[in-house]
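Q: There's a structure below that I have some questions on.
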Amino acid sequence: MDSRTVLSPLPPDDVLTVRLAAGDEEAFRLVLDRWSPGMLRLARDFVSTRASAEEVVQETWMAVFRGIARFEGRSSLKTWVYRILVRTAKARGVKEQRTIPMSGSLPEAESDAGPTVDPSRFRGPDDPYPGHWRPGQAPAPWNAPEDRALVSEVRRVIGDALAALPARYRVVLSLRDIEGYGSDEVCELLGITAGNQRVLLHRARAQVRRRLEEYFGAAEGAADDEL
Amino acid sequence: MNCDEFVELVTAYLDGALDPATERRFIDHLAQCEGCENYLDQFRTTIQALGELPAESLSGETRDRLLAAFRDFPRP
Numbered sequence: 000m001d002s003r004t005v006l007s008p009l010p011p012d013d014v015l016t017v018r019l020a021a022g023d024e025e026a027f028r029l030v031l032d033r034w035s036p037g038m039l040r041l042a043r044d045f046v047s048t049r050a051s052a053e054e055v056v057q058e059t060w061m062a063v064f065r066g067i068a069r070f071e072g073r074s075s076l077k078t079w080v081y082r083i084l085v086r087t088a089k090a091r092g093v094k095e096q097r098t099i100p101m102s103g104s105l106p107e108a109e110s111d112a113g114p115t116v117d118p119s120r121f122r123g124p125d126d127p128y129p130g131h132w133r134p135g136q137a138p139a140p141w142n143a144p145e146d147r148a149l150v151s152e153v154r155r156v157i158g159d160a161l162a163a164l165p166a167r168y169r170v171v172l173s174l175r176d177i178e179g180y181g182s183d184e185v186c187e188l189l190g191i192t193a194g195n196q197r198v199l200l201h202r203a204r205a206q207v208r209r210r211l212e213e214y215f216g217a218a219e220g221a222a223d224d225e226l
Numbered sequence: 000m001n002c003d004e005f006v007e008l009v010t011a012y013l014d015g016a017l018d019p020a021t022e023r024r025f026i027d028h029l030a031q032c033e034g035c036e037n038y039l040d041q042f043r044t045t046i047q048a049l050g051e052l053p054a055e056s057l058s059g060e061t062r063d064r065l066l067a068a069f070r071d072f073p074r075p
């Protein structure tokens, strides 16, 4: 889950729980520093400002150490914490009148149904190969950036793409691909079906891929110009 | 399988959620279509890049406030 950085493993949940309940500050500091970044991003999907997200994370931690004695270990400790966060964030999102329709009213359901790749990139029904990539429209390999400036460029493109996503896409994408949660956990956290989760995730990924394709395509074009 | 069908099944494929017959058609298409092989690779690259985004942290103030609240929390 923490593939981005190599960190020493946390103590197992039962040990952590006992230490947190006993008021062990070192244990609290460990989970606070390890989980808060992901919680902050997740909270941001439900509330309108960064400051508000930070308050949600704070409120969640307070609820965690007030309620730790009631944690029964039926889920992982982190999942329990994330559930509290989602509840807290949703309650605040309602106050801010920023609710995320997860399954969607009809217009949303319809907008979740169309193709994720521009249909004009495929050959039409009268073509000998209908539904196949048109000449010049097939995806080309991307050259992965090696130097650090380009890596941060790519991150900026991804950040912009994330910001442009509808919130219900972004929340699923954050949990699955940024936080590394499995599909079952995401369905449970958000109260959505596996099928719905997959549709939202696929559409979100497809939009981010599209932005990256534009970026890499433009970069490639620039390289060609130099030749 | 056509390319326009393939591109919509990539997430289901990566989740191992395709039924066996569809998965076979997906793989058969992949073997024959370079564009779709690139598309699948681009999806993998996208997912990997998302997983490598740097994390934001809590402000120092909030962190200190929480550590103090934890320390001062009354316990039996």
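Line by line, the protein sequences are chains P and D. Take 0 as the starting number for the first sequence in numbering that gives the first Met the number 0 and just add one per residue. Take 0 as the starting number for the second sequence in numbering that gives the first Met the number 0 and just add one per residue. We treat Cβ as the ideally placed atom computed from N, Cα and C, and that holds for glycine.
Going along the chain, which residues of the stretch 39-52 of chain D sit with their C-beta nearer than 8 Å to a C-beta in chain P?
A: Under the 8 Å Cβ criterion, the stretch 39-52 of chain D contributes D40, Q41, F42, T44, T45, I46, A48, L49, G50, E51 and L52.
Q: When burial is assigned at 16 or more other CB atoms within 10 Å of the CB, is P:G190 buried or exposed?
A: exposed
Q: Is any beta-carbon of chain D found at less than 8 Å from that of P:I83?
A: no
Q: Which chain P residues are close to D:A67, counting only those with a beta carbon under 9 Å from its beta carbon?
A: None at all; the shortest Cβ gap to chain P is about 10 Å.
Q: By the three-class DSSP mapping on this structure, what secondary structure does P:W132 have?
A: It is a strand residue.
Q: At 8 Å on the CB atoms, spell out the chain D contacts of P:F191, in chain order.
A: Inspection of the sequence shows that residue 191 of chain P is occupied by Ile rather than by Phe. Residues of chain D passing the Cβ test: none, with the nearest at roughly 14 Å.
Q: For P:S47, which option in P:R91, P:A160, P:G179 and P:R175 has the closest C-alpha, if you only look at C-alpha atoms?
A: P:R91
Q: How would you call D:A11, buried or exposed, if buried means at least 16 neighbouring beta carbons within 10 angstroms?
A: buried
Q: With DSSP collapsed to three states, give me the class of D:F79.
A: There is simply no residue 79 of chain D to check, as chain D begins at 0 and stops at 75 in what is shown.
Q: Determine the chain P residues that contact D:F77 at a beta-carbon separation under 8 Å, and present them in chain order.
A: This structure cannot settle anything about residue 77 of chain D, because the visible part of chain D is limited to 0 through 75.
Q: Since P:D183 is in the alpha helix (DSSP H), which residue starts that stretch and which ends it?
A: S182 to L189
Q: With DSSP run on the structure shown, which of helix, strand or coil describes P:P106?
A: Unreliable placement is indicated for P:P106, whose pLDDT of 46 sits below 50; the coordinate value is still reported in the next sentence. Residue state, collapsed to three classes: helix.
Q: Give the DSSP-derived three-state secondary structure of D:F69 in the structure shown.
A: Here D:F69 carries a helix assignment [DSSP, helix/strand/coil].
Q: Using a Cβ-Cβ distance under 8 Å, would P:F121 count as near chain D?
A: yes
Q: Who are P:F121's beta bridge partners in DSSP?
A: P:W132
Q: Is it a yes or a no for the stretch 34-46 of chain D touching the stretch 204-211 of chain P, going by three-plus beta-carbon pairs under 8 Å?
A: Yes, the stretch 34-46 of chain D is in contact with the stretch 204-211 of chain P.
Q: Report the residue from P:H201, P:E184, P:L199 and P:R204 whose alpha carbon sits nearest the alpha carbon of P:R82.
A: P:E184
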